[in-house]
Structures are given as C-alpha cells and as structure tokens.
Amino acid sequence: MTMAADDRRLKEAPIAVQTAVERRDRLFGWLIASPSLGLLFLVILFPVFWALFTSVHDYTLLAPNFDTFNGLDNYLKAAGDPEFRHTLWLTAFFVAAVVLLEFAIGFLVALMLHAVERFKSVYYAILLCPLLMNPVVVGLIWRMFLHPSLGIVNYLLSVIGVEPVNWLGSTKVALWTLVMVDIWHQVSFMIVLLLAGLSALPREPYEAARVDGASALRCFWHITLPLMLPVITVTLLIRLIFAVKTYDLVYIMTRGGPGVATDLVSYFIYRTAFVSLNIGEASAMSAILLAVILALTAWLHRYMRSLT
Amino acid sequence: MASISLNNIHKFYPNGYAAVRDVSLDIMDGEFVILLGPSGCGKSTTLRMIAGLETISSGDLRIGGARMNDIDPADRDVAIVFQNYALYPHMTVADNLSFGLRLRGVDRGLIGKRVATIAGMLGIGELLARKPAQLSGGQRQRVALGRALVREPKAFLLDEPLSNLDAKLRTSMRTELIKLHRTLGTTIVHVTHDQVEAMTMGERICIMKDGVIVQVGAPMEVYRNPVNTFVAGFLASPPMNLLRGRLSAKSVLLGDTKLPLPQALSAAFASHSGLDVIVGLRPEDFHLKADAAPMSVPLDIATVATEVLGPEVILVGNLRNYDEAEIHIRCSRDFRSDPGTTTTFYYDLSQLQIFDAETTYALKRPLKI
C-alpha cells in the first residue's frame with residue numbers, strides 16, 4: 001500500500017469509536033462503583049442539599065415543615081446575630097491557636113523523632129494513644145484531671161506551691177484549657193503526618209549541603225522547610241478543617257461556658273437547632289460556616305502553592 | 309589544590325561489618341585518581357570518608373598535609389559530585405550553583421561573576437532560571453559539576469558521576485572531565501565501577517575489592533601487569549582469558565596443548581615448576597599470522613560463536629581438547645568464522661601472564677622480554 005493510500009485510510013477512519021469491549025468495561029465500571037456512589041450521595045450530598053433547602057425556609061422543630069419560604073431571612077438574621085458573630089471570632093481564635101501550636105510542637109517532635117534511631121516504634125505507640133481515643137473519653141478524662149478541687153492537675157500544682165487554677169470555670173482560662181486539651185489529643189496527628197513527610201525526603205541534598213558548608217539550622221531552613229512545604233500544606237489544611245468543626249470537646253467539657261467563653265460555632269449551631277429548635281436558622285449558619293471553610297481552604301491551598 | 313593521603317584507613321559499621329580495611333593511598337597534588345571496583349567493594353565509602361560524610365573508624369586522613377579525621381565536611385574544602393546529582397530540588401540552577409558560596413558569605417557580586425563563569429564553561433548559561441526537575445539528565449549532571457566547581461575547592465570527589473547518563477553522553481562527559489582536569493589542574497578522586505572510565509580518565513587507577521586495595525598504578529601498567537586474577541578479569545572488555553593449567557620447567561600445559569615459555573619467563577617461573585597455575589591470555593594477543601610477534605605459538609581454536617561489534621570481531625572459541633573455559637579473541641573487523649570450524653591463531657608468548665592457582669596472585673615476571 002502506498003503512503004498516500006495509508007494517509008487516506010487514516011483520515012477516513014472514524015475518530016474514537018467505542019468498541020464493544022470498551023463499552024462493556026465502562027458499564028462494568030459504573031456497575032461496581034454505583035453502590036458506593038449511591039451511599040456517598042445519601043450520606044453527604046443529600047444532607048448538604050437538605051440543609052441548604054431548609055436554610056431558606058422557616059423550619060423549626062415546633063413546626064417541622066417547608067410551608068413558609070423566607071428567602072435569605074435566615075442568613076440575614078444569622079449574620080446580624082451578635083452571638084453568632086461572637087462564636088465565629090471565638091472559633092477563629094481557637095482554630096488559629098490550636099493549629100499553629102500543634103504545628104509548632106508537632107514539627108519539633110517530628111524532627112526529633114526523625115533523628116531517633118532506636119525504639120522508634122515505642123515512641124510511635126505512645127504518641128498514637130491519644131489519637132486513638134474517642135473525643136468524649138478525652139473530654140471526660142481531662143474534666144476529671146482539671147477538676148478545681150479534686151483534679152490531679154491542681155493537686156500537682158499545689159505540691160510545687162502554685163495556686164489552684166479554675167481551669168474550666170474561669171472565663172479567662174477556659175478557652176485556653178480547651179486549646180491545651182485539643183493539642184494533647186490531636187498533636188500526634190501532626191507528628192505522624194510530618195514524620196512521614198520527613199522520612200520521605202531525599203537524603204542526598206543534605207549531604208551535598210553538609211559539604212557545601214550548611215549548618216543544621218541552615219539545612220532546616222534552606223532544605224527541609226522548602227521540601228516539606230507540600231506535606232505541611234496538607235497537614236495544616238486537614239487540621240484546620242477538623243479544628244473548625246470541634247464540637248465534642250466543648251459539649252463534654254464546658255457546654256460553651258462559662259457564659260459564652262467557649263461557645264465555638266459548631267456547638268452554637270447545635271444549640272440553635274436542638275435547644276432553640278430553630279432548624280432553619282441553624283442550617284443557614286451551617287451554610288455560612290461551610291462557605292467560610294471552603295474559602296479558607298482554597299486560600300490557604302493557593303497561598304502555600306505560591307510559596308513552592 | 310592539595311594532596312590527599314590515606315594512611316591505614318578502616319571503616320567499621322556498628323554491626324561489625326568492615327567496609328574498608330587498611331586502605332593506604334597517597335594522591336598527589338593535581339592528580340586524577342580513579343577508585344575502581346565492583347559494587348560493594350568500599351570505593352564509595354572511601355570517597356565519603358575523604359569528604360567527611362562517613363566517619364573514619366581508624367587511620368589517618370590528610371588533605372594538604374593537615375589531619376582531617378575530625379574536621380567537619382564543610383571545613384575540608386573539598387567538593388563532591390554525587391551519582392544521582394543531589395541537586396536541591398526546590399532551588400533554581402543559579403541558586404544551586406551559588407548555595408555553597410552564599411553559605412560562606414562570599415560577596416554577592418563575586419558570586420554572580422563566578423556562577424556566570426562556571427555556567428559559561430559548562431554550557432548551562434541559559435538554564436540558570438530553571439529548576440532541576442526541568443532539566444535532562446545530562447544538564448543535571450553539569451549543574452552538579454558546576455556546583456562543585458564554583459567553590460574552587462582543593463579537591464573534587466566524584467562518586468560515579470557518569471553512571472546515570474546514557475552511553476553517548478557518558479563518552480562526551482568523560483572527555484569534558486579530562487579537559488576540565490587539564491584546565492584546572494585540581495586533584496580529582498573519581499569513583500567508578502566502569503573499567504572504560506578508569507582506563508581512559510585516570511592518571512592512576514586504584515582497584516579495590518572487598519574493602520581492600522588490590523592494586524594501584526597507571527592504567528596501562530595495571531592493564532599490562534595485573535597483580536592477580538581479579539584485576540586481570542576486571543579490566544577491559546572482553547577481559548583477560550584465564551585458563552587453568554600446569555607449569556613445568558620450560559612450558560605451561562593447557563590440557564594437552566603446550567605453550568613453550570620464553571627463556572626469560574622460564575627462568576622467572578623456575579621455582580614454581582610443577583605448580584597448578586592460571587594462565588592469562590589477553591584477547592588481543594592472538595594473531596592470524598605467525599610473524600606478527602617474534603615469539604609465538606600456534607593454537608587451534610574451534611569457533612563457538614562470533615560477535616561482530618563493528619570495529620572489531622570477538623571470537624568465542626575453545627582450545628583443542630580443553631573444555632574448562634571458552635577463549636575470547638579480538639579479531640579485525642573483517643574476520644569471519646562459522647561455528648565448528650577451527651582456526652589457527654598465533655599467540656604472542658611475550659605477553660603471557662601466569663597466576664598462582666591457589667593464591668590467584670601473579671607470578672613475578674620481567675616487564676620486558
């Protein structure tokens with residue numbers, strides 16, 4: 001066959017025809033994926049859309065129906081509610097404190113563990129213990145530890161001559177107590193992720209840097225940190241998203257109190273929905289929270305990528 | 309520039325494994341020395357000990373006369389080029405080149421000048437803004453080399469720098485390294501397992517095996533007078549044919565083939581008469597004409613296969629009545645022989661090497677006969 005004939009044949013050949021085999025493969029793919037897709041739809045997409053739908057209706061647990069459509073009323077009410085705004089700021093502060101402190105401590109411990117050669121698995125096991133605990137259990141344990149008169153923490157402080165602290169009862173201290181307990185509970189997560197990132201780093205650039213004359217600190221600054229940025233980004237993002245949703249600790253330890261000192265937004269939304277019975281407004285608040293988290297995630301992701 | 313001297317250097321790992329044993333080597337100022345050996349022979353460990361990336365278990369390392377055992381790698385003023393380049397992946401080529409200088413607080417203007425000079429020299433001037441991921445293997449290799457050059461160190465340590473390149477690039481980089489050495493005159497220690505690199509690049513080759521230096525010498529010296537069967541079998545491709553035989557007063561027996569020994573050799577080997585030996589015959593010492601060498605012996609070789617390489621043909625064959633090992637013979641490019649046919653080759657007896665079968669070490673012989 002000549003080249004010209006070959007060319008013609010190629011041109012005449014229909015583009016991207018699906019063969020029977022390909023069609024069957026695709027069908028089979030959809031078939032085996034459909035149960036999980038259906039489940040995902042049921043437990044994630046459906047609740048989200050239901051909440052969005054509810055948020056534009058006057059839906060309360062006293063009158064649980066969609067009879068009254070009230071547009072953006074719920075959103076305007078939520079946005080104008082000083083209490084809701086207060087919880088948003090409080091949450092922002094809590095999240096910033098928790099994520100930054102956990103990152104600082106986590107990275108430090110990860111770096112130290114990375115340098116350790118012996119008993120690594122023992123350290124791992126100890127570190128993972130808090131992470132494996134149910135948040136409710138964590139809350140209960142710490143509530144006992146921090147009991148103003150019966151708790152072991154104040155007892156130990158008294159031994160070294162420090163005045164007892166009202167850990168959960170003081171408006172000034174309570175939020176920091178929550179921060180501390182959350183760090184105790186979640187810092188291992190940071191450590192484990194960062195440690196995995198560290199052990200995946202190539203060894204050679206460090207050797208090159210040593211010969212180039214870089215001190216340990218400069219190696220960290222010029223090599224470890226830039227190379228770790230993708231891992232750091234992901235770790236921060238995940239922790240950030242989870243921290244915004246903190247609910248169980250507040251519920252078990254302070255119920256938002258004293259007063260509204262630890263009234264984090266998730267707990268406030270819960271109260272609006274199931275104590276004030278105003279599902280519509282709570283849904284609007286959830287939608288606002290969702291938007292804030294999405295925006296934050298997108299911004300942080302983009303910012304960290306711009307650094308690399 | 310500086311000399312490097314290793315005195316009785318050992319490297320033991322915590323598990324008791326001795327990676328390097330009693331290595332002593334004097335590298336002269338400006339010399340190009342090759343550490344050659346199979347993988348795991350301790351050559352890279354030796355280089356890394358010179359660089360300071362591995363601690364020295366015992367022995368003395370001196371660079372430029374000063375003891376360096378406990379000196380930080382940064383203060384030894386040597387530069388190392390790694391096999392996988394070890395570039396800083398997040399830095400541009402320019403930053404990679406200047407990192408070491410910046411750490412040393414060199415004046416910015418001077419850094420810029422030096423980077424530009426080196427980049428021009430290596431032909432990577434237009435790549436300065438790129439990151440390593442955007443470079444080809446050869447370009448990365450040049451950057452790694454540039455990073456070493458830009459610091460103008462006392463010595464370059466090259467750890468198999470060419471082994472990740474394709475064959476063509478490797479050949480051209482080989483030439484460039486030789487040229488570079490000639491221009492700069494800096495001491496270079498080059499680690500490789502490639503005997504072609506060793507033969508072509510080094511002023512001296514240091515062959516290592518199992519953590520010990522086996523032989524040190526100029527390439528042709530090592531090639532012509534391998535100290536044992538390991539060196540004989542390691543250098544060149546195809547390597548020296550090593551055949552078991554028996555030594556007698558005037559000749560050496562390979563099966564029922566008798567190779568008469570020239571006068572000078574039979575005198576040298578007299579004390580080993582009657583010993584089992586290994587006979588070393590270089591593939592290029594076989595000739596088709598009797599008068600190609602003054603002292604030669606005809607050998608009948610039955611062809612097993614021929615490998616046509618282009619510039620030459622390698623004949624793989626068997627010596628008559630000798631089946632222990634095949635013989636490789638280097639023939640001219642027009643040579644052809646069908647399997648099963650027998651060809652008479654004239655072996656140049658003046659090139660004969662004899663090794664003690666028990667110790668594998670060469671029996672001393674006069675260099676010229």
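So the sequences go chain by chain: A and B.
The first sequence runs 1 to 308 under the working numbering.
The second sequence runs 309 to 677 under the working numbering.
Using N, Cα and C, we set each Cβ at its ideal position, and we do this for glycine too.
Note that the structure is predicted; figures quoted are calculated from it, not measured.
Spatial neighbours of L194 of chain A within its chain, please: C-beta separation below 7 Å, excluding the five flanking residues on both sides. G106, F107, A110, V231, T235
| request: Taking C-beta pairs closer than 8 Å, name the residues in chain A that A374 of chain B reaches, listed in chain order. | output: Near A374 of chain B there are no residues of chain A at all, since even the closest Cβ is about 17 Å away, more than 8 Å.
When the Cα atoms are used, what is the spatial distance from A104 of chain A to V98 of chain A?
-> 10 Å
Original post:
Closest Cβ-Cβ distance between M1 of chain A and chain B: below 8 Å?
Top reply: Below a pLDDT of 50, predicted positions are generally treated as unreliable, and M1 of chain A, at 43, falls in that range; no measurement from the model is reported.
Can you tell which of B:L660, B:D631, B:D383 has the C-alpha that lies nearest to the C-alpha of S559 of chain B? B:L660
inquiry  = Which of the three DSSP states is assigned to S276 of chain A in this structure?
reply    = coil
Q | Interface partners of P469 of chain B on chain A, CB under 9 Å | A | Those do not exist, as P469 of chain B stays about 13 Å from chain A at its closest Cβ, beyond 9 Å.
**Study point:** Cβ neighbours of N377 of chain B in the same chain (closer than 6 Å, five flanking residues each side left out)
**Key:** I364, L369
Next on the checklist: Counting only Cβ-Cβ distances shorter than 9 Å, please list the residues of the stretch 342 to 369 of chain B near chain A, keeping chain order.
Outcome noted: R356, A359, G360, L361
What are the boundary residues of the beta strand (DSSP E) that R552 of chain B is part of?
-> 549 to 555
**Report entry** Local conformation of P202 of chain A per DSSP, three classes
**Finding:** coil
Exercise for the section: Would you check if there are 3 or more beta carbon pairs closer than 8 Å linking the stretch 286 to 303 of chain A to the stretch 458 to 471 of chain B? Expected result: no
- Within chain B, partners of G213 of chain A - CB distance below 7 Å: A382, G408, L411, R412
message = Rounded to the nearest angstrom, what separates V56 of chain A and F94 of chain A at their Cα positions?
response = 29 Å
Using a Cβ-Cβ distance under 8 Å, would I309 of chain A count as near chain B?
-> Not covered by the structure: residue 309 of chain A. The range shown for chain A is 1 to 308.
Review point. By the criterion of Cβ-Cβ separation under 7 Å, what are the contact partners of E204 of chain A in chain B?
Key: F390, N392, A394
* Taking three-plus beta-carbon pairs below 8 Å as touching, is the stretch 438 to 456 of chain B in contact with the stretch 388 to 403 of chain B? -> yes
Going along chain A in order, which residues have a C-beta closer than 7 Å to the C-beta of H498 of chain B? Here the premise fails: no neighbours, minimum Cβ distance about 16 Å.
_Whether or not the stretch 18 to 30 of chain A and the stretch 237 to 251 of chain A are in contact is what I'm after, with contact meaning three or more pairs of Cβ atoms, one per stretch, closer than 8 Å; do they touch?_
no
> When you compare only the Cα positions, how much space is there between A326 of chain B and K351 of chain B?
Replying inline: 13 Å
Range covered by the beta strand (DSSP E) that runs through Y654 of chain B: 650 to 656
For G445 of chain B, report the span of its alpha helix (DSSP H) as first-last. 445 to 457
Original post:
Between the beta-carbon of V520 of chain B and the beta-carbon of L355 of chain B, is there less than 8 Å?
Top reply: no
Report task. Answer with yes or no whether the minimum CB distance from P397 of chain B to chain A is below 8 Å. Result -> yes
Would you say R387 of chain B lies against chain A (beta-carbon separation less than 8 Å)? Position check: residue 387 of chain B holds Ala in this sequence, whereas Arg was assumed. So, interface residue.
State buried or exposed for A112 of chain A, treating a residue as buried only when at least 16 other CB atoms are found within 10 Å of its CB.
Reading the sequence as shown, one finds Met at residue 112 of chain A and not Ala. Looking at its Cβ environment, which holds fewer than 16 other Cβ atoms inside 10 Å, M112 of chain A is exposed.
Original post:
chain B partners of R210 of chain A, CB-CB under 9 Å?
Top reply: A359, G360, L361, D380, P381, A382
(request) Consult DSSP for R512 of chain B and reduce its assignment to one of helix, strand or coil. (result) strand
Q. At what residue ranges does the stretch 95 to 173 of chain A contain a whole run of the alpha helix (DSSP H), taking only runs of 4 or more?
A. 120 to 132, 135 to 145, 152 to 159
Q) Where does T614 of chain B sit, in a helix, a strand or coil, going by DSSP? A) strand
Margin query: One question on the structure: do V211 of chain A and A310 of chain B come within less than 8 Å of each other, judged by their Cβ atoms?
Written below: no
Check: Thinking C-alpha only, which one of B:L473, B:I609, B:V451, B:I662 is nearest D502 of chain B?
Finding: B:L473
Practice prompt. Look at L88 of chain A and V265 of chain A and say whether their C-beta atoms are less than 8 Å apart.
Written response: yes
Would DSSP call C219 of chain A helix, strand or coil? helix
query = Which residues bound the alpha helix (DSSP H) around H318 of chain B?
reply = Unbroken run through H318 of chain B is the beta strand (DSSP E), 312 to 320; no alpha helix (DSSP H).
As an exercise, report each continuous alpha helix (DSSP H) stretch of at least 4 residues that is fully enclosed by the stretch 471 to 496 of chain B, in chain order. 475 to 492
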